[in-house]
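*Asks:* Anchor point for the sequence shown: position 25 equals 18 in this note's numbering, and the numbering is continuous, going up by one each time.
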Amino acid sequence: MQVHRHLPTYRRRDLAVDLGTANTVVFVRGEGIVLFEPSVIAIEELSGEVYAVGDEARRMIGRTPANIRATRPLRHGVIADFDVTEQMLSRFLRRANGQRGAHRVVLCVPSGITEVEERAVKEATLAAGARHAGLIEEPMAGAIGAGLPVGEPSGDMVVDIGGGTTEVAVISLGGIVVSRSLRVGGYEMDDAIVRYVRDRDRLLIGQETGERAKIRAGSAVPVPGIPETEVSGRDLVTGGLRRSLLPPDEVREALRRPVTQIIDTVKETLEVTPPELAADIANRGIVLVGGGALLRGLDELMRKETQLPVRIADSPLTSVAVGAGQSLEESPLVQRVADTPRRSRRRRLPSL
-6 MQVHRHLPTY RRRDLAVDLG TANTVVFVRG EGIVLFEPSV IAIEELSGEV YAVGDEARRM
54 IGRTPANIRA TRPLRHGVIA DFDVTEQMLS RFLRRANGQR GAHRVVLCVP SGITEVEERA
114 VKEATLAAGA RHAGLIEEPM AGAIGAGLPV GEPSGDMVVD IGGGTTEVAV ISLGGIVVSR
174 SLRVGGYEMD DAIVRYVRDR DRLLIGQETG ERAKIRAGSA VPVPGIPETE VSGRDLVTGG
234 LRRSLLPPDE VREALRRPVT QIIDTVKETL EVTPPELAAD IANRGIVLVG GGALLRGLDE
294 LMRKETQLPV RIADSPLTSV AVGAGQSLEE SPLVQRVADT PRRSRRRRLP SL
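(1) Apart from the five residues just before and just after alanine 247, which ones in its own chain have a Cβ nearer than 7 Å to its Cβ?
(2) Which residues in the same chain as proline 284 place their Cβ atom closer than 6 Å to its Cβ, once the five residues preceding and following it in sequence are excluded?
(3) Do the region 57 to 66 and the region 21 to 38 make contact, defined as three or more Cβ pairs closer than 8 Å?
(4) Please classify serine 165: is it buried, with 16 or more other beta-carbons within 10 angstroms of its beta-carbon, or exposed?
(5) Can you give me the C-alpha to C-alpha distance between aspartate 273 and valine 102, rounded to a whole angstrom?
(6) Can isoleucine 26 and valine 315 be called in contact, C-beta distance under 8 Å?
(7) At a cut of 8 Å, does the region 117 to 125 reach the region 135 to 153 through at least three beta carbon pairs?
(8) Bridge partners for alanine 123 per DSSP, in chain order?
(9) What residue does the beta strand (DSSP E) around threonine 222 start on, and which one ends it?
(10) Tell whether a beta-carbon distance below 8 Å holds between leucine 128 and leucine 67.
(11) Take serine 324 and list the residues in its own chain whose beta-carbon comes closer than 8 Å to its own, dropping the five residues that flank it on each side.
(12) With a cut-off of 8 Å on the beta carbons, I'd call leucine 86 and alanine 126 a contact; round off their distance for me.
(13) Counting only runs that start and end within the region 258 to 321, where is the alpha helix (DSSP H) found for 4 or more residues in a row?
(14) Let me see if you follow: with CB-CB separation under 8 Å, is tyrosine 44 close to chain D or not?
(15) I need the straight-line Cα distance from glutamate 24 to glycine 278, nearest angstrom please.
(16) Could you pull out every residue in the same chain whose Cβ sits closer than 8 Å to the Cβ of valine 252, ignoring the five residues on either side in sequence?
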């Protein structure tokens, strides 16, 4: 009897993608996080050819010749440029998954996303090579990734502070009961530092410089031992190049407004939370996820302002992607969370 030998086939895999304003994180079912790159793409203007994506493209921001544009195609967590986002996502999926196509991709989206924005995200995912595209709200994914018992009949509050948005949600029985989406995040903090230096020193610095100052010297409360940070830019009076030192208390002052907006949104969400769930949150506290959760002292300030326990997730930068990934491979309840139409699951407060 003749035995027919077949060439090996590559089974399509399931992926979860946290397509954020700042970073894109890809989780492959059975493997975990396989890609963590800035959500940046560099394109040749005339031909439309992709020059670079991710870390390489980010290094080009503000440094490209006239014929190359380095850009972030997402704003406030949603697609601002469909074609460019599709190209960037396609390359990230290929980089994470090799030549194998993706069977199912679950995308993380802000809770305040519109139906039009939902369709754009799904269409971009399908155009990037996925056979099936599903959505999961970022605070729900963050709660799962942070290890919260989302399927229990008790209330948990998660605050996801990303690059473009802050998502605040109260979760119970596998659904979001109350949520608020605030279009303030890490980039607004960077811009606040840029404006502060411009107004105080008449010095124009770039957003990347503002971000470095935030990381090096930023805090929400006074923190001992933080050194001054140096920023460089263009003098708005003379037009020349100049350097300036930023003390940590001035960086903290620059960040006051966006930090206050985030905490006020948490308070407003608590005010409309059903009493039984509010009692649960009083006992269980608030969990912070997202890159903004790493701002020094933010948990301490939120604890003081809300009078509630506040903790930062073990891995705030990847909690959302991990939670979305777990929705691919865990219990039927968690899978239902990713598949259920979003608007049937919760009451949403108006976005700011």
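Note that CB positions come from ideal geometry on N, CA and C, so glycine has one too.
*Replies:* Quick look at the numbers:
(1) Here the set comprises Ala185, Ile186, Tyr189.
(2) For the record, residue 284 in the displayed sequence is glycine; it is not proline. Closer than 6 Å at the Cβ level, and outside the excluded window around glycine 284, lie Gly179, Leu310.
(3) The region 57 to 66 is in contact with the region 21 to 38.
(4) By the C-beta density criterion, serine 165 is buried, having at least 16 other C-beta atoms within 10 angstroms.
(5) In a straight line, the C-alpha of aspartate 273 is about 26 Å away from that of valine 102.
(6) In contact: isoleucine 26 and valine 315 (Cβ atoms closer than 8 Å).
(7) As far as the Cβ criterion goes, the region 117 to 125 does not touch the region 135 to 153, which means the pair count is below three.
(8) Answer by DSSP bridge pairing, in chain order: Ala95.
(9) That run of the beta strand (DSSP E) goes 222 to 228.
(10) Cβ distance not < 8 Å, so leucine 128 and leucine 67 don't count as in contact.
(11) The predicted position of serine 324 is uncertain, since its pLDDT is 47 and thus under 50; no value can be drawn from it.
(12) That pair is no contact at about 11 Å.
(13) Complete alpha helix (DSSP H) runs here, min 4: 268 to 277, 291 to 299.
(14) The structure shown contains no chain D, having only a single protein chain.
(15) In this structure, the alpha-carbon of glutamate 24 lies about 31 Å from that of glycine 278.
(16) Residues Met182, Ala213, Leu288, Leu291, Leu294 of the same chain have their beta carbon placed closer than 8 Å to that of valine 252, with the five preceding and five following residues left out of the count.
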